[in-house]
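Heads up, the working numbering is the position in the sequence shown plus 715, with the first residue counted as 1. Idealized CB from N, CA, C, for every residue including glycine. First comes the structure, then the notes that go with it.
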Amino acid sequence: MSQEDTFKKIISHAKEYGFIFPGSEIYDGLSAVYDYGQLGAELKNNIKTYWWNSMVMLNENIVGIDSAIFMHPTVWKASGHVDAFNDPLIDNKDSKKRYRADVLIEEYIQKLEGKVDKEVSKAKKKFGDDFDETKFRETNPRVLKNLDKINGVLDRFRKAGEADDLAEIRQIIIDAEIACPVSGTKNWTDVRQFNLMFDTKIGSVDGDAATIYLRPETAQGIFVNYLNVQKTGRMNLPFGIAQIGKAFRNEIVARQFIFRMREFEQMEMQFFIQPGTEEKWFDTWKERRMKWHKTLGHDETLLRFHDHDKLAHYATAATDIEFNFPFGFKELEGIHSRTDFDLKQHQEFSGKKLQYYDNERNESYVPYVMETSIGLDRMFLSVLSAAYKEETIEKEDGKTDQRIVLKLPAALAPVQLAVLPLTKKDGLPDKARAIINDLKFEYKCHYEEKDSIGRRYRRQDAIGTPYAITIDHDTLEDDTVTLRDRDTMEQQRIKIDEIPQILKEKVSMTSLLKKL
Ligand code: GAP
């Protein structure tokens, strides 16, 4: 199955089982806007809890806030978003489709890189153990030609970006003969800058109305509250402020499902540090954040770092944690060493001092900041796509069967325990409900009595429920139930009073957080 097919299947599975619906679907949807359904909301909340607790509960020196979406318009002047939060856009005159010029160029480079990789793997197969990949890359004429093209385009693209030269960006597209994927033509308009912030009006009277923006990131709500939190929380450096909240960007090329949305959620943490300690903290947060992802038990090959070569003028280091989504490796989270840029900008634009008095050094200064910033929806997509499996299973009669199973990390699963009475009679439902009534304060349990047990198991597999227990007539005699494991499909007989301990060890958020 191609990656594209897998992605389509994940999207339709997410809809079919109530994880994600297209926004305003009965009105034919709204581009790049999605609604989370009954199971999606649970999974999303569990991801939030995993992030929030790992930051705020496991670290004495990190606190959480919840700042407003609307902020004073000058915030976005100070942050640079009014002047520079732009995407370079280009239109194809025939298809009338609009593209991000930088994305067209990046995709062209990826295509060339794909060609190089193909040559390498073909040669690897041909020469077997004797194959010297480095030498092959340095000498094969076809590889060299493509590498030349890649480096040439990258060099021009970097220079054009630095000089803000939109005509040159267009020329790169023309010279590379990049065609519109829809019309197939190379009939392009000029490249224009387009600001990604949504604006609206505030004020009760029309005449008094002022333009304000829907925040494009949550981080600024943290920066403007730095002093409030530091003083009222009596925080000493180093300390962090965490926040989860909605952000809005008028993305022009909104594709790839919930990967790039116009309304999305971010989980951001700004860690305020002494100037001079940024290298140490950058390494620390890189390691901590990667561990947070890996603790979910993903296949190691799904995650990697991508260090930025090109840094913003105020940054000293930046890296992305990339995830191998069904459409390839893409940014999932950013870790940025931002110096004192943001606080200094706000200090200048607000006229208010945003300094820290360091008792040990006996001096005041503007702290440096280490930022970790992850999109909750992207995190959701990474968890969902890593979990989606189609399996062929052997049945007892020697035949095979297919199942779709979401192998979600147990603590994140929207339903953590399915409780299934074998029949609707003989008091089995009452017994099942009594078990749920004991557990429902800590775990999301699901009661189901319709259909055969086999079909009920399949439905639970499809939504990622890690455990199911079946209540049968023996349960009434000896208080035992059958516990079925989603991943291994193994079944074992256990006592009802063993269930809380099993869930605590294998399903609880605490068990996951303790692995960090
Ligand atoms: N405060 C820094 C900041 O906002 P960013 O790289 O623009 O940095 C951080 O965004 C994270 O937010 C990204 O790594 C991504 O996970 C998520 N994100 C950004 N734009 C998004 C969009 N349009 N849809 C979904 N997630 C998005």
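With a beta-carbon spacing of about 5 Å, N861 and K830 fall inside the 8 Å limit used to define contacts. Between R815 and I967, the C-beta spacing is below 8 Å. Under the three-state reduction of DSSP, R1201 is assigned to coil, being neither helix nor strand.
Within the model, the alpha-carbon separation for E1086 versus I937 is close to 11 Å. Straight-line spacing of the CA atoms in D1073 and G948 works out to 16 Å. N1152 and M1204 have their C-alpha atoms roughly 25 Å apart. Unbroken alpha helix (DSSP H) stretches of 4 residues or longer found wholly inside the stretch 1011-1039: none. For D905, there is no enclosing beta strand (DSSP E), since its DSSP letter is neither H nor E.
In this structure, V1130 sits near T1180, with a CB-CB distance shorter than 8 Å. The closest CA to that of L1047, considering only R873, M982, Q1060 and A894, is found on M982. By the neighbour-count definition (other C-beta atoms within 10 Å, threshold 16), K1006 is an exposed residue.
Here S1100 has I725, F1040 and P1041 as same chain residues with Cβ atoms under 7 Å from its own Cβ, once five neighbours each way along the sequence are excluded. Along the length of the stretch 774-851, whole alpha helix (DSSP H) runs at least 4 residues long occupy 788-793, 796-799 and 816-842, reported in chain order. Taking 8 Å as the upper bound for CB-CB distance, E1164 and P1136 are in contact here, some 5 Å apart.
S746 counts as exposed, since fewer than 16 other C-beta atoms from the protein chains shown sit within 10 angstroms of its C-beta.
A distance below 8 Å separates the beta carbons of G1090 and F979. In the DSSP annotation of this structure, the continuous segment of the beta strand (DSSP E) that includes S1052 starts and ends at G1043 to S1052. Residue environment analysis places K1139 among the exposed positions, since fewer than 16 neighbouring C-beta atoms fall within 10 angstroms of its C-beta. For F987, the enclosing beta strand (DSSP E) covers residues E978 to I988. DSSP, reduced to helix, strand and coil, places P1181 outside both helices and strands of the structure shown, so it counts as coil. Sequence-distant partners of T764 (beyond 5 residues in either direction) whose C-beta falls short of 7 Å from its own C-beta, in its chain, are M1224.
Less than 8 Å divides the Cβ of Y732 from the Cβ of I1178.
Here DSSP, grouped into helix, strand and coil, assigns T1138 to coil. The beta carbon of F913 lies closer than 7 Å to those of Y928, L929, F963 and N965 in the same chain, with the five residues before and after it left out. The beta strand (DSSP E) runs of length 3 or more contained entirely in the stretch 1101-1176 are, from start to end of the chain, 1103-1109, 1115-1121, 1132-1136 and 1160-1162. In the three-state DSSP reduction, D870 falls in the helix class (H, G or I). Going by DSSP, E1078 is part of the beta strand (DSSP E) stretching over E1078 to Y1080. Restricting attention to T789, M950, G899 and E932, the CA atom closest to the CA of V778 is found in M950.
Here Y1158 is buried, its C-beta having at least 16 other C-beta atoms within 10 Å. Straight through space, the alpha carbons of A838 and I762 are spaced by roughly 43 Å. For ligand 1, no non-hydrogen atom lies closer than 7 Å to the CB of D1057. Not one heavy atom of ligand 1 is found less than 7 Å from the C-beta of L1099. In the DSSP annotation of this structure, the continuous segment of the alpha helix (DSSP H) that includes K1009 starts and ends at E993 to K1009. Rounded to the nearest whole angstrom, the CA to CA distance from H1061 to Q935 is 9 Å. Where T1190 is concerned, the enclosing alpha helix (DSSP H) starts and stops at H1188 to D1193.
Under a 10 Å Cβ-count criterion, Q718 is classified as exposed, with fewer than 16 other Cβ atoms of the shown protein chains found around its own Cβ.
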